[in-house]
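Chains as they are written, first to last, in full-length UniProt numbering: chain E, 1 to 720; chain C, 1 to 285.
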């Protein structure tokens, strides 16, 4: 198939395997000489291991712990604070202490029950509130940043202001609920350990293994197996599992398989950081914003992981899509003795957008202006500075996208209709809400240049088949298809001639991790350039190979210390309108209509983009009102999908979406990032719709029925 | 090594009953609760301490029929079969539509829902307000038990080891002139376990309440129903005065004692249960 318009959909490369159920996932794999691993996990939130008593192990059953780690006992990520196996201190319930390996899972589970470990318990920090209170104690603050207008100037402005509005906003956990739980297999060979599994970042894992095994480049190899969803949950977490199976394989000289079941995955793997955000905004007498201060706190859980980078993105988005005069922000990553939090689609931005959209919405009430109208007054335009003194240098189509939705949703009339409906209906109340948002594409600042340094390779065979040699994972988002399309189109060959074999670190250079909405834009651009190069050298019937390296386009240089400069090379944009009906007797929220406009430069495949929109928005909406995860005394309470409650097909309505073209020079065919953007607007739009329906304000997400009922009824009862 | 499980699947009900008389067994109808209850961690089959008897295929247990105004529902009718059956009253069908999702509804049975005796059982509030009777059969014969006696607590039922539930009888359900509602409050619209559920039943004759019943689910160890409170409303005329409604709501306020758990809070459950009661009492004005 020759591709005319790059956006026209093609059959996905993995379509047949997935639809027929033939594609094996890691838990389907069985190899010779394979044993299973099960983990003994800390039952306490914080304390010191005093004694370990192991059961008598039958023949063929062994225990693996910190002593078996050839290298240092930490999972290499950023800081050295995450043990592979806790050996002295435990910092959260569920932290791995040792692993039992053997042939039969049944026997392993029995043995696991017979392991006796005694602890000296210490006072744990269970909540973010507690951590904020204790943030000056040693070890509690893991990272912090501050930037923006000087506090003296802000203080002077506040002094002359008509009014100062202070709000505190809370966001909860979010769990990825990828369809395929985490799983990793280490294949044992005399001279090599091959780690295979469900993952987003091959070289993160390889680097963690090089450190843990203290071995040479050729002694470990990482291969991605079919990955059933990631959403960030398979960004850094699989590195720990890879260390577990690789260390165990080395120790017992057998292949070791570690697969979590759903309830284990729900309680021990990383989640979206709960956050608390404080806003302090000074207004003039007409409700215009004079200054704004934002303090943002992230609950890291027991170790730092990627939290500092998550905080950076949260802070960089703390003013939303608005040009706020005299803006100041500061943020903290705080330790609690709870399950570590990590990467999740949006990476800190969803918390910030939920917060700022909520706050701006509440300010519009003060000013007695329709929220959308108020927001538009502050909307950034092309050429405006960012809050870090960078620049929005590309065209911004937000006004066009808003106008389009005002028209297609019949916004004004709808709002009036709803008002009339609400006056007549005692039980059900309808409302309409909006959200405006963006997403910075790729790594923050100079990350691509300084840390990632992506390289891609194209290899052509004698029969003129071209293979992509990159380290990026298709986890369901469709890059097997989209990246092949880019290469096929650029080479002007048929899509079927282009292949993207399962990435294997022995075969592929490091093109970076599959994160941060960077794959299409950054890796896709490199592939486009590589294909162009190959085309100029093309010799039919000859084996050929080309390589391309990342080139950084210098803009306003990013300075991580002062938090100034261009934080991102480009931004994708979005507008969501949501209509809801709230049952005031039960607090249940029913989505009625969802409208979404996005601008992602150029769509590489319409159907795949629609998949990102529908899936991302469903996940984002659910973050705002449906999905609820709580921790009690360091323990995650919801251990099953039904208790956690991600949306089913009966909870989501068809999403009326449109994508606007605005080609970006440094993206392939003009494409920018799209994967994370689609999640970000969901929660704030659903919050403003619920507020509109009930004519009230909320200071948190998720706005569960419990929260709604509490606001509608309990207070009344107390007063009465 | 998988452990062995003895399983029986007889062609006839009398053989099934004889076996149950000889040996204490775990009964599997649709298995949608039993399998979850006995499941092991990943990669290990479910564990049963007793032999298993399958009963879902027995045709005697899959009949739906009418005698006078009573409705008889075979205990092993699946939810899907009931949804498609013309005799099944609309409120029961709407309750069924809130249960899990089609795959579970194709397996799960009404008898199983009763015998699982979950505090959140989706069929139970309606069965309580319909004054359902459970028909039990053993080698010794049949006996009828009122559903409220049959279910004694969470997963505790009045079934002897040698008995199976064969039918659920809804007395006078096919009479005209009743108004029945069911509301399930879950965290989402499918595959959800009830946080609160409510069934209300009212028979009116010329604005006068002849019979009124309420049952609340997921707010106590089993369904909450109070015949004493119901009696206070019999003979009253509609619309009820606000003070009358307040009295009834206050009475239930005293006997509904829900708990906090991973799905919801006690405060929420109670508030919503009473909201739904008040709403039902205020209807038809």
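Beta carbons: idealized from backbone N, C-alpha and C, even for Gly.
Leaving out five residues before and five after residue i in sequence, what residues of the same chain have Cβ atoms less than 6 Å from its Cβ?
i: residue 628 of chain E; result: 702 and 704
i: residue 338 of chain E; result: 92, 301, 631 and 634
i: residue 449 of chain E; result: 552
i: residue 210 of chain C; result: 203
i: residue 719 of chain E; result: Low confidence applies to residue 719 of chain E: its pLDDT is 40, below 50, so where it sits in the model is not reliable enough to give any reading.
i: residue 28 of chain C; result: 34, 52 and 54
So residue i and residue j are in contact, right, with Cβ under 8 Å, and what is the actual spacing, rounded?
i: residue 683 of chain E; j: residue 572 of chain E; result: No, residue 683 of chain E and residue 572 of chain E are not in contact; Cβ-Cβ is about 18 Å, not under 8 Å.
i: residue 651 of chain E; j: residue 189 of chain C; result: 5 Å
i: residue 227 of chain C; j: residue 129 of chain C; result: Contact doesn't hold; Cβ gap of about 11 Å is too wide.
Using a Cβ-Cβ cutoff of less than 8 Å, which residues in the same chain neighbour residue i once the five nearest sequence positions on both sides are dropped?
i: residue 545 of chain E; result: 457, 458, 459 and 460
i: residue 624 of chain E; result: 354, 682, 683, 684, 685, 686, 687, 701, 702 and 703
i: residue 363 of chain E; result: 165, 281, 283, 287, 289 and 374
i: residue 542 of chain E; result: 460 and 462
i: residue 717 of chain E; result: The predicted position of residue 717 of chain E is uncertain, since its pLDDT is 48 and thus under 50; a value taken from the coordinates is nonetheless stated next. For residue 717 of chain E, where only same-chain residues beyond five positions count, there are no Cβ hits under 8 Å.
i: residue 592 of chain E; result: 430, 579, 580, 581 and 653
Compute the distance between the beta-carbons of residue i and residue j, then report whether it is under 7 Å.
i: residue 491 of chain E; j: residue 535 of chain E; result: yes
i: residue 292 of chain E; j: residue 242 of chain E; result: no
i: residue 494 of chain E; j: residue 2 of chain E; result: yes
i: residue 217 of chain C; j: residue 108 of chain C; result: no
i: residue 282 of chain E; j: residue 158 of chain E; result: yes
i: residue 723 of chain E; j: residue 602 of chain E; result: Outside the displayed span of chain E (1 to 720) sits residue 723 of chain E, for which this structure offers no information.
i: residue 163 of chain C; j: residue 138 of chain C; result: yes
i: residue 50 of chain C; j: residue 76 of chain C; result: no
i: residue 146 of chain E; j: residue 330 of chain E; result: yes
i: residue 295 of chain E; j: residue 274 of chain E; result: no
i: residue 581 of chain E; j: residue 428 of chain E; result: yes
i: residue 387 of chain E; j: residue 327 of chain E; result: yes
i: residue 767 of chain E; j: residue 667 of chain E; result: Limits of chain E in this structure are 1 at one end and 720 at the other, which puts residue 767 of chain E out of reach.
i: residue 520 of chain E; j: residue 671 of chain E; result: yes
i: residue 47 of chain E; j: residue 19 of chain E; result: no
i: residue 71 of chain E; j: residue 213 of chain E; result: yes
i: residue 229 of chain E; j: residue 179 of chain E; result: yes
i: residue 310 of chain C; j: residue 165 of chain C; result: Past the boundaries of the shown model lies residue 310 of chain C; chain C is included only from 1 to 285, so the question cannot be answered.
i: residue 224 of chain E; j: residue 202 of chain E; result: yes
i: residue 82 of chain C; j: residue 74 of chain C; result: no
i: residue 5 of chain C; j: residue 48 of chain C; result: yes
i: residue 669 of chain E; j: residue 6 of chain E; result: yes
i: residue 193 of chain E; j: residue 246 of chain E; result: yes
Whose C-beta lies closer than 7 Å to the C-beta of residue i among residues of the same chain, with five residues either side of it excluded?
i: residue 324 of chain E; result: 289, 292 and 378
i: residue 507 of chain E; result: 469
i: residue 439 of chain E; result: 349, 517, 571, 572, 673, 676, 677 and 680
i: residue 33 of chain C; result: 112 and 116
i: residue 174 of chain C; result: 66, 69 and 71
Q | Runs of beta strand (DSSP E) wholly within the segment 149-199 of chain E (minimum 3 residues, chain order) | A | 163-171, 183-189 and 192-197
Q | Within the segment 272-326 of chain E, ranges of the beta strand (DSSP E) (whole runs, at least 3 residues) | A | 275-283 and 289-301
Q: Would you mind listing the alpha helix (DSSP H) stretches within the segment 311-399 of chain E that are 4+ residues and don't spill past its ends, in chain order?
A: 349-366 and 371-378
Q. Counting only runs that start and end within the segment 68-108 of chain C, where is the beta strand (DSSP E) found for 3 or more residues in a row?
A. 70-74
Q: Determine, using beta-carbon pairs with one atom in the segment 327-337 of chain E and one in the segment 126-133 of chain E, whether at least three such pairs fall under 8 Å.
A: yes
(Q) Going residue by residue through the segment 550-603 of chain E, where are the continuous beta strand (DSSP E) segments of at least 3 residues, counting only ones entirely within it? (A) 570-583 and 589-599
Q | Given 8 Å, three or more beta-carbon pairs between the segment 206-217 of chain E and the segment 70-86 of chain E | A | yes
Q: For the segment 106-123 of chain E and the segment 48-57 of chain E, state whether three or more C-beta atom pairs, one from each stretch, are separated by less than 8 Å.
A: yes
**Q.** Cβ contact (3+ pairs, closer than 8 Å) linking the segment 35-50 of chain E and the segment 219-226 of chain E
**A.** no
(Q) Assess contact between the segment 219-239 of chain E and the segment 256-270 of chain E, defined as three or more Cβ pairs (one per stretch) separated by less than 8 Å. Is contact present? (A) yes
Q.
Pairs of beta-carbons, one from the segment 87-96 of chain C and one from the segment 177-188 of chain C, closer than 8 Å: are there three or more?
A. yes
(Q) For the segment 36-50 of chain C against the segment 98-114 of chain E, do three or more pairs of beta-carbon atoms, one drawn from each stretch, fall closer than 8 Å, so that the two count as touching? (A) yes
(Q) To test your reading of the DSSP string, which unbroken alpha helix (DSSP H) runs of 4 or more residues are found completely within the segment 620-678 of chain E? (A) 641-644
Q: State whether the segment 641-661 of chain E contacts the segment 552-563 of chain E, with contact taken as three or more CB pairs (one from each stretch) at a distance under 8 Å.
A: no
**Q.** Complete runs of the beta strand (DSSP E) confined to the segment 189-254 of chain E [at least 3 residues]
**A.** 192-197 and 220-224
Q) Is the number of C-beta pairs between the segment 402-421 of chain E and the segment 638-646 of chain E that are closer than 8 Å three or more? A) no
Q) Within the chosen definition, does the segment 109-117 of chain C reach the segment 144-152 of chain C through at least 3 CB pairs nearer than 8 Å? A) yes
Q: Taking 8 Å as the threshold, find out whether the segment 466-480 of chain E comes into contact with the segment 590-602 of chain E through three or more Cβ pairs.
A: no
Q) What are the uninterrupted segments assigned as beta strand (DSSP E) that are 3 or more residues long and contained completely in the segment 164-214 of chain C, given in chain order? A) 164-170, 178-185 and 196-205
**Q.** the segment 84-91 of chain E touching the segment 1-17 of chain E, judged by at least three CB pairs closer than 8 Å
**A.** no
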